[in-house]
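*Asks:* One structure, pasted below without further comment.
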Amino acid sequence: MIETIKLKYMQGNKFIPDIENAPMREQFRGFPILNNNAKKPEISCCPTGALSLEPLSIDLGKCTLCGNCKCEAIQFSNRYKLGATSREKLIITENMTADEFEKIAIQSRTEIKKIFSKSLKLRQVSAGGCNGCEMELNACSNCNFDMGRFGIEFVASPRHADGLVITGPITKNMAYALEDCYHSTPNPKIVILTGACAISGGIFQNSTQINREFLEKYPIDLYIPGCPTHPLTFINAILKFISNK
Amino acid sequence: MKWILTENNKKINSLEIPTISIEDLKHDLKNMNLRVVGFFGKQEFENIRLYVTLADDKNGIFYISSVLFNPNEKSYESLTQDFPAFHIFEREFYEEFGIKPLNHPWLKPIRHNQDKYPFFSMRGEDVHEVAVGPIHAGVIEPGHFRFMCQGEKVYDLEIMLGYQHRGIEELILNSSNFNNRLAESICGDTVIGHNMAYSMVMESLSDTKISEKSKIIRRIALELERMAVHIGDMGAISGDMAYLPGASIFGTTRTLVINTMLEICGSRFGRGLINVGGINFDIDHSMEQKIIAMLDEVLHITQKTVKVMLKKSSCISRMEKTGFVSTENARLLGAVGMAARSSGVNIDSRFDFKDEFYQLIGKKLNFKATGDVYSRFRLRYEEVLQSANFIKNLLEILRQYNKQNLKSEIGFVSPNSFVISSVEGWRGEIVHIAITGANSELLRYKIKDSSFNNWYMLAMAVRNNGISDFPLCNKSFNLSYCGNDL
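Those sequence lines, one after another, are chains A and F.
Using this note's numbering, the first residue of the first sequence is number 56, and each one after it goes up by one.
Using this note's numbering, the first residue of the second sequence is number 5, and each one after it goes up by one.
What follows is the structure in structure tokens.
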């Protein structure tokens, strides 16, 4: 017993106290900074078609933040708050700065803030993809990020959940299970798409084995980009989405 | 000559691959006693050519041959009856090309037709079945498990996968450029392993020589990935046996490793680090110091925690004799990687296939395997220590090549070639095989993740265990759904 306590003492406090202003390493590729006047990259360098040249723009819903296009015209800042409540807002142009984006990107309805601000229980559905987003979502609940302290948790059953978090491009084989899960979640419910695959099909958008009809049928409340989504991106997007402040 | 011999990452002429009959194949399999690493078809006009690749682990050589099926031949006598390791390969070949292996003991779908899956069933007093998935209670990938139990005891487990199937092999064939980002998404927990295999295949096809420096940095990343996942899994195993201090300490320790990866290349899992022709990010002197400091801290914490944990009888009793797989069964099933090593099958493609750098920095781990969860936990621990040591040695060698380029010029892809590349990822061997046609176009790209071999091992491991021990057994293997489903 005493040895276990010693271990815990050795571990110390590892949680990030102020998650909204958590420092991020400068190497992280986050919000892009664009410059129309500099030399632009080849369009073919982008593996997911997130890049447009005239005028220069990057669709964060498709972007895997791989850095292939990095050049004078396109730089990546380490700003990690990338979530948005509408698909259009994810298309970043030259005029958009990270500060401005963070101000306008997430605008949720007052009912959502009223119902979920103190507690939000989510059911994650992995619908294809590569397990990268799943690992980062698991990391959200570890001792570093400790999402549970804000009342946000992943639960074991859709029947206990207030909403779904979908990762992956939605394969044909998972389409039915996903829809079933959606109907098993009691109303009122929210749907969150996490990662480039879920938002746009990402790197798998040209696959013949995916079926994205679900997204046409049901409303989506929140888009959280990344490949995979960093835990700070995920937690901050949800906090902004439900917080009353 | 009935077989053509080749080495890891060596290009051969695909037209020189011999054609043999299925009887010859069976005869040779009996005599040669080698391990299957590739068994896949390719359309060749109206015929179907089945490529068979066997690994000779002792000598570090691959044997390649092929069997031709004309349009009238729709079946053959299955190899699985004599060589169980072929079971999953024959199922895959049947699903993709419709050529039926007759008398196959469990010819079931792997990536399609889940609604028509013919489960085994059991009848009798107190016998019941438990169905789990595809959506599980935790934040994990989808898959369906069907347990046949008597009371608490599991008689058998059937694993039905395929939910993650997104047609990766087809996407690689259709890519106009080299697509490293796609290779990174084959399996998100083995980003470096799969991307390295893909890059090495493409570099061998195009006769591209990459610098020693980028080779070394790739191997450093591969070992960092191994450390990160193993430590994370040790945390997950601790969590599943309700030793929560372990879960929390290993969880935060893993963060130290993956955050170092973030500092190297901007992604916690090493995405964007490796490209065909080299790497994109350097490890300079200050980075080297950071890595060494991180390794020392991680080793200190891990060693202390494991020492305390393995003194706790409550931990030991949950791990010992749980999820046991014998050496014989592991070998018969064709298990690979750390799961195989934990059952006493000592194969490791880093050393078996004579990698130039791994031979310099060390040798195979001498591990006393017991085949249970305890064995897999301890093997992970010892591999973490070994990897940390490897990284330190690699960093030392890296200094000599300080001035070299990160990227090299990529040559043209050769026509009519066949390349096999095997990389020992943290889970086990990752095999990528590419075949090009007369115009240098990719005709076939075959990926085999280690999970493909190992899923059946999990089914064997839970037999005769309590059903409540399933999560513990499952975590001790931590197999990939997406690597299997592709």
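Think of the CB as a built atom: it goes at the ideal place given N, C-alpha and C, for glycine as much as any other residue.
Can you find a CB in chain A that lies within less than 7 Å of the CB of residue 193 of chain F?
*Replies:* yes
*Asks:* Taking DSSP as the reference, what is the three-state secondary structure of residue 304 of chain F?
*Replies:* Residue state, collapsed to three classes: helix.
*Asks:* Buried or exposed, going by whether 16 or more other CB atoms sit within 10 Å of the CB of residue 232 of chain F?
*Replies:* buried
*Asks:* Beta-carbon of residue 169 of chain F versus every beta-carbon of chain A: anything under 7 Å?
*Replies:* yes
*Asks:* Could you say if the stretch 437-451 of chain F and the stretch 197-217 of chain F meet the contact criterion of at least three C-beta pairs nearer than 8 Å?
*Replies:* yes
*Asks:* Return helix, strand or coil for residue 180 of chain A, following the three-state DSSP convention.
*Replies:* In this structure, residue 180 of chain A counts as strand in the three-state DSSP scheme.
*Asks:* In this structure, how does DSSP classify residue 225 of chain F when only helix, strand and coil are distinguished?
*Replies:* For residue 225 of chain F, the three-state secondary structure derived from DSSP is helix.
*Asks:* Would a check of beta-carbon distances place residue 139 of chain A closer than 7 Å to chain F?
*Replies:* no
*Asks:* Closest to residue 354 of chain F by C-alpha separation, out of F/21, F/348 and F/341, would be which residue?
*Replies:* F/341
*Asks:* Going along the stretch 158-186 of chain A in order, which residues come within less than 9 Å of chain F, judged by CB to CB distance?
*Replies:* 178, 179, 180, 181, 182, 183, 184, 185 and 186
*Asks:* So what does DSSP say about residue 175 of chain A, is it helix, strand or coil?
*Replies:* In the three-state DSSP reduction, residue 175 of chain A falls in the strand class (E or B).
*Asks:* For residue 410 of chain F, which residues in chain A fall below 7 Å Cβ to Cβ?
*Replies:* By Cβ distance, chain A contributes nothing, its closest Cβ being about 14 Å from residue 410 of chain F, past 7 Å.
*Asks:* Per DSSP, what kind of secondary structure is residue 226 of chain A in: helix, strand or coil?
*Replies:* It is a strand residue.
*Asks:* For residue 297 of chain A, report the span of its alpha helix (DSSP H) as first-last.
*Replies:* 286-297
*Asks:* Let me check one thing: in DSSP terms, what residues is residue 273 of chain A bridge-paired to?
*Replies:* Partner(s): none; residue 273 of chain A has no beta bridge.
*Asks:* Is it right to say residue 64 of chain A is buried, meaning 16 or more other beta carbons lie within 10 angstroms of its own, or is it exposed?
*Replies:* exposed
*Asks:* Identify the continuous beta strand (DSSP E) that holds residue 54 of chain F and give its terminal residues.
*Replies:* 51-60
*Asks:* Which partner residues of residue 436 of chain F appear in the DSSP bridge assignment?
*Replies:* Paired residue(s): F/425 and F/451.
*Asks:* Smallest Cα separation from residue 114 of chain A: which of A/172, A/66, A/126 and A/139?
*Replies:* Proximity to residue 114 of chain A across A/172, A/66, A/126 and A/139 peaks at A/139, based on C-alpha coordinates.
*Asks:* In the DSSP assignment, what are the bridge partners of residue 130 of chain A?
*Replies:* Bridge partners of residue 130 of chain A: A/88.
*Asks:* For residue 74 of chain A versus residue 290 of chain A, is the C-beta spacing smaller than 7 Å?
*Replies:* yes
*Asks:* Mapping the DSSP letters down to three states, classify residue 132 of chain F as helix, strand or coil.
*Replies:* strand
*Asks:* In the DSSP assignment, find the beta strand (DSSP E) that holds residue 189 of chain A and state where it starts and stops.
*Replies:* Looking at the DSSP string, residue 189 of chain A is not in any beta strand (DSSP E); the run it does join, the alpha helix (DSSP H), is 187-195.
*Asks:* Taking Cβ-Cβ distances shorter than 9 Å, what residues in chain F pair up with residue 258 of chain A?
*Replies:* 175, 183, 185, 186, 188 and 189
*Asks:* Enumerate in chain order the residues of its own chain whose CB-to-CB distance from residue 151 of chain F is below 7 Å, with the five nearest sequence positions on each side excluded.
*Replies:* 133, 134, 158, 161 and 471
*Asks:* Taking the alpha carbon of residue 288 of chain F as the point to measure from, which residue in F/357, F/282, F/333 and F/407 has its own alpha carbon closest?
*Replies:* F/407
*Asks:* If we ignore side chains and look at the alpha-carbon of each, how far apart do residue 211 of chain A and residue 174 of chain F end up?
*Replies:* 34 Å
*Asks:* Do residue 220 of chain A and residue 177 of chain A come within 7 Å of each other at the CB atom, strictly closer than that value?
*Replies:* yes
*Asks:* Looking only at C-alpha atoms, which of F/313, F/383, F/43 and F/364 sits nearest to residue 343 of chain F?
*Replies:* F/383
*Asks:* Run through DSSP, which three-state label would residue 100 of chain A get?
*Replies:* When DSSP states are grouped into helix, strand and coil, residue 100 of chain A belongs to the helix group.
*Asks:* Name the residue from A/293, A/62 and A/69 whose alpha carbon lies nearest to the alpha carbon of residue 192 of chain A.
*Replies:* Of the candidates A/293, A/62 and A/69, the one whose C-alpha sits nearest the C-alpha of residue 192 of chain A is A/293.
*Asks:* Given 8 Å as the limit, is there contact between the stretch 306-324 of chain F and the stretch 231-246 of chain F, that is, 3 or more CB pairs closer than that?
*Replies:* yes
*Asks:* In or out: residue 131 of chain F buried (at least 16 other Cβ within 10 Å) or exposed?
*Replies:* exposed
*Asks:* With 8 Å as the C-beta to C-beta threshold (strictly closer), list the residues of the stretch 118-150 of chain F near chain B in chain order.
*Replies:* The chain inventory of the structure shown lacks chain B, comprising the protein chains A and F.
*Asks:* On the three-pair Cβ rule with 8 Å, is the stretch 37-51 of chain F touching the stretch 80-95 of chain F?
*Replies:* yes
*Asks:* From the beta carbon of residue 124 of chain A, is the nearest beta carbon of chain F less than 7 Å away?
*Replies:* no
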